[in-house]
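*Asks:* 1 is the number of the first residue of the sequence shown in UniProt numbering; add one for each residue after it. My structure is below; once you've seen it, I'll send some questions.
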Amino acid sequence: MITTLKLAPGIRRATPEDVGSIVGLLTEAFLYSGIGSWLVPRLETRRRACGLYSHIRTEHALTVGWVDVTDDLNSAAFWYPLAEVSELWVPSSDTRLGLVCGQFMHRFVALDEAMRRHHPAGNPHHYLAFLAVRPGLQRCGLGTSLLRHHHAYLDAENISAYVEAIDPAGRALFHRHDYQDRHGFQVPDGPQLCPMWRAPQPDGGAADSAKN
Numbered sequence: 001m002i003t004t005l006k007l008a009p010g011i012r013r014a015t016p017e018d019v020g021s022i023v024g025l026l027t028e029a030f031l032y033s034g035i036g037s038w039l040v041p042r043l044e045t046r047r048r049a050c051g052l053y054s055h056i057r058t059e060h061a062l063t064v065g066w067v068d069v070t071d072d073l074n075s076a077a078f079w080y081p082l083a084e085v086s087e088l089w090v091p092s093s094d095t096r097l098g099l100v101c102g103q104f105m106h107r108f109v110a111l112d113e114a115m116r117r118h119h120p121a122g123n124p125h126h127y128l129a130f131l132a133v134r135p136g137l138q139r140c141g142l143g144t145s146l147l148r149h150h151h152a153y154l155d156a157e158n159i160s161a162y163v164e165a166i167d168p169a170g171r172a173l174f175h176r177h178d179y180q181d182r183h184g185f186q187v188p189d190g191p192q193l194c195p196m197w198r199a200p201q202p203d204g205g206a207a208d209s210a211k212n
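Okay, structure coming up:
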């Protein structure tokens, strides 16, 4: 019997050539998520809205942020280095989104406003806006690999990190990577979000090997 060893994909910084693949990945991750279903309840409208939202987000992140991807483009992490909350960009300000979302646009605005209002101030950090893993490949270690990769840089540079967990599975994953809960908040008439903060870890952080 011959056993084939499947190596974990490498990690690299995304480039403009990756936009199409990343948009497809982010759209898939959003489409059937709880927060995606709340933002746009109608599936066909949601499909178009998620595609445009993902495109707007990806273009912006590649311009002013930091997007890590696995070589197979099955997972991506969107990071924004922030010194002040005023630097936090809100995608609902893009008029293209309103043309697609129509009557549900107010939910994108409410989400953006709630996240901005509760974003921590006074401490420079990297903001993890998205950690997307292709449906069907969750719990295969892709998200964990991306987190460890970026955390190694943050720890070496003594930089904190911030994220909003949108579901219990995400919250559990971030707990395993040294994130601590902050006061949760609810989007008006919408989902409950759990803000989490990670201080730089002088010892390199958690060695947990749980999959995601």
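Think of the CB as a built atom: it goes at the ideal place given N, C-alpha and C, for glycine as much as any other residue.
#1: So what does TYR80 bridge to, in DSSP terms?
#2: Short of 8 Å in beta carbon distance, which residues of its chain neighbour GLU157, apart from the five on each side in sequence? Order them along the chain.
#3: What are the boundary residues of the alpha helix (DSSP H) that PRO9 is part of?
#4: Would you tell me roughly how many angstroms separate the C-alpha atoms of LEU193 and GLY10, rounded to the nearest one?
#5: With 16 as the cutoff for other CB atoms within 10 Å, does ILE2 come out buried or exposed?
#6: Nearest to VAL100 by alpha carbon, out of ARG46, ARG198, PRO120 and ASP178?
#7: Would you call GLU84 buried or exposed, if buried means 16 or more other Cβ atoms sit within 10 Å of its Cβ?
#8: For THR70 and ALA172, I'd like the C-alpha separation in whole angstroms.
#9: Please classify LEU43 as buried or exposed, where buried requires at least 16 neighbouring CB atoms within 10 angstroms.
#10: Once DSSP output is grouped into helix, strand and coil, what is the label at ARG96?
#11: With a threshold of 8 Å on Cβ separation, who are the neighbours of ARG48 within its own chain once the five nearest residues in sequence on each side are excluded?
#12: Could you check what DSSP says for ARG103 in three-state terms: helix, strand or coil?
#13: What distance in whole Å lies between the Cβ atoms of ILE56 and ILE112, which are believed to be in contact at a cut-off of 8 Å?
*Replies:* From the atom records:
#1: For TYR80, DSSP records a beta bridge to TYR127.
#2: For GLU157, where only same-chain residues beyond five positions count, the Cβ hits under 8 Å are PRO200.
#3: Where PRO9 is concerned, there is no enclosing alpha helix (DSSP H), given that its DSSP letter is neither H nor E.
#4: Distance between the alpha carbons of LEU193 and GLY10 is about 31 Å.
#5: Residue confidence for ILE2 is low, a pLDDT of 41 falling below 50, so the modelled location carries little weight and cannot support an answer.
#6: Nearest C-alpha to VAL100: ARG46.
#7: Classification for GLU84: exposed.
#8: Approximately 22 Å, taken between the alpha carbons.
#9: By the 10 Å Cβ count, LEU43 comes out exposed.
#10: For ARG96, the secondary structure class from DSSP, reduced to helix, strand or coil, is helix.
#11: The answer, listed in chain order, is VAL100.
#12: Note on identity: in this sequence residue 103 is Gln, with Arg being the wrong assignment. DSSP places GLN103 in helix when its eight states are reduced to three.
#13: Checking the sequence, you will find Asp at residue 112 rather than Ile. Their Cβ separation, rounded to whole angstroms, is 12 Å, which puts ASP112 and ILE56 out of contact at 8 Å.
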